[in-house]
Structure formats: structure tokens, C-alpha cells
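Below is one structure, written out as C-alpha cells; the observations come after it.
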Amino acid sequence: MLGSADFDEQDVVVADFEAGVGTLTRLGEEHVDTVVIVAEATPKSLEVGARAAFLADQKAVGRIVVVANRIRGPEDLERVRAAFPPGTEVVGVPHDPKIVEADRKGVAPIDLDPDAPAVKALIALAATLLPHSN
Amino acid sequence: MKLAVVGKGGSGKTTTSSVIARTLAKGGLAVVALDCDSNPNLGISLGVGDEETERLVSMRQALDEGEEAHAPTWDTLISRYGSDGPDGVRLAVVSRIDNPEPG
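Taken in order, these protein sequences are the chains called B and D.
What the first sequence shows, in my numbering, is residues 36 to 169, in sequence order.
What the second sequence shows, in my numbering, is residues -15 to 87, in sequence order.
Set out below in C-alpha cells:
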């Protein structure tokens, strides 16, 4: 589907893939420029994340960025870094009660509090994803 | 630019996708957000609202249940089965719905 898309009118497509690596496994003709792997500092999350990184690398995806999510301290960030090949771009996003609150209220985190630490970290990441910065 | 957000379920893909989509749109880019999850709720994180998110899910279900003769083309998906969200983000639900109840 992504491969057949006509992107003249859309500058960016952000695809929130199915949980797990199924879609990534099946990626063929559809070329993805950037894969953002979201992983928490837990063995299960990192196992899926590491598999996703391996697949993305195999599929010659342009850029791979890992979001180390719900980070509570430096050990969490290190645990996430250690699960990926050296040199992998890893961005830490802190555990943030505002995200929890946004989820509870069913509102966009960026609307609830654009200055919340996790939101700011993701906004900063988005700025590095701009097409012209590739 | 095509960007895919992947990870274990519950890791924060949807929140991450939503902030990235809204931020790039605020910066002036035309952004399409695709919800590929079998329990789609990207709309809620984008700020589209739960009613509209549910409407999109229902439309997608109708599509999957064969009310359309053919699978939609990209353009149809975006224009007919999509919704305009805040900052002009265009949201489309692309998954086959596995679970009709919101996750």
C-alpha cells in the first residue's frame, strides 16, 4: 500500500505500524525512509525492538532511530542502548505523568501539555526527522 | 518521506506517532497519519476525538466487510476514509479491524 501511494500531495506519511514486527517483516516494495523503533527498558520490549532493528537494517531502511521510552533514569537508557548495535541513534523519552493523564482523558498529549518533558523530547525528535534534514 | 513507527504493543508507538505527526504538521508540512494497528486508536492521540476515531474505525470495518467492491486506492483511502485532524494532519485507518471494541 505504501509503495503504491502517490506522494505528490503529502510531504510526510507517519505510519503507526501494527504492534510487533509482522508488518516490518512483510515490507517489500514499500520503501520506508525512516523507522522509529519505540522500546522500553524491559526484556520483552527490547527483544521486539532489537528484532525490528535487525529487520529494518536488512530491508535497507534509510534511517533507524530508537526511542527509549518511559525512561526513569540513566540505567534505563543504558539498558536500551545495550540492546542495539553500537552507534544506533537512541533518543530517551522520560516517563511522564502528563502522558498518562492524556491517555486517561483521551486527548492528544501535545494538546494537554506541549511543555511536558516527554512531549518536548518527542517534539525535538520530530525536528530531526524533517525531510530536508535527511 | 515515509516514516514507520514500530515496537512491542504498549511500548508507546501511538503516542510517539501522534506527537511526531502533529509536530511536523505544525511546521507546515502536509502530513498523513496511518493507523495500521488492528486496534486503531491513533486518532485519539492525535486529538481527533474518540467519536471521530470510532467513526473512522466503523468506516474501515464496513470496507473490510465487503461493502466496497475493491480495496481502496491510496487516494480513496485518504480522501474518503480519512479525517482531518488538528494542524491539518490527515488520518486514515488502514488496518483490517480485528477487534471492534476500542483497546
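Just so it is clear, CB atoms sit at the ideal spot from N, CA and C, and this is done for glycine as well.
Legend entry - Within 8 Å, strictly: CB atoms of phenylalanine 119 of chain B and valine 125 of chain B: yes
Legend entry - Bridge-paired residues (DSSP) for lysine -14 of chain D: B:Val48
Inset, instruction - Show which residues of chain C have a CB atom less than 8 Å away from the CB atom of aspartate 68 of chain D. - result: Within the model displayed, chain C is absent; protein chains B and D are what it includes.
Inset, instruction - Taking 8 Å as the cut-off, decide whether the C-beta atoms of aspartate 46 of chain B and alanine 14 of chain D are in contact. - result: yes
Legend entry - Of the residues D:Gly(-9), D:Met(-15), D:Ala9, the one placed nearest aspartate 21 of chain D, counting alpha carbons only: D:Gly(-9)
Inset, instruction - With distances taken Cα to Cα, identify the nearest neighbour of leucine 147 of chain B among B:Leu160, B:Ala162, B:Asp131, B:Glu75. - result: B:Asp131
Inset, instruction - State the DSSP-derived secondary structure class of serine 168 of chain B, mapped to helix, strand or coil. - result: Because the pLDDT at serine 168 of chain B is just 48, under 50, the model does not fix this residue reliably, and the value given afterwards should be weighed accordingly. In this structure, serine 168 of chain B counts as helix in the three-state DSSP scheme.
Inset, instruction - Would you please verify whether the beta carbon of glycine 31 of chain D is less than 8 Å from any beta carbon of chain B? - result: yes
Inset, instruction - Count the other CB atoms, across all protein chains shown, that sit within 10 Å of the CB of lysine 35 of chain B; report buried if there are 16 or more and exposed otherwise. - result: Chain B is shown only over 36 to 169; residue 35 of chain B falls outside these bounds and no answer can be derived.
Inset, instruction - Return helix, strand or coil for arginine 64 of chain D, following the three-state DSSP convention. - result: helix
Legend entry - DSSP-derived helix/strand/coil call for glycine 55 of chain B: strand
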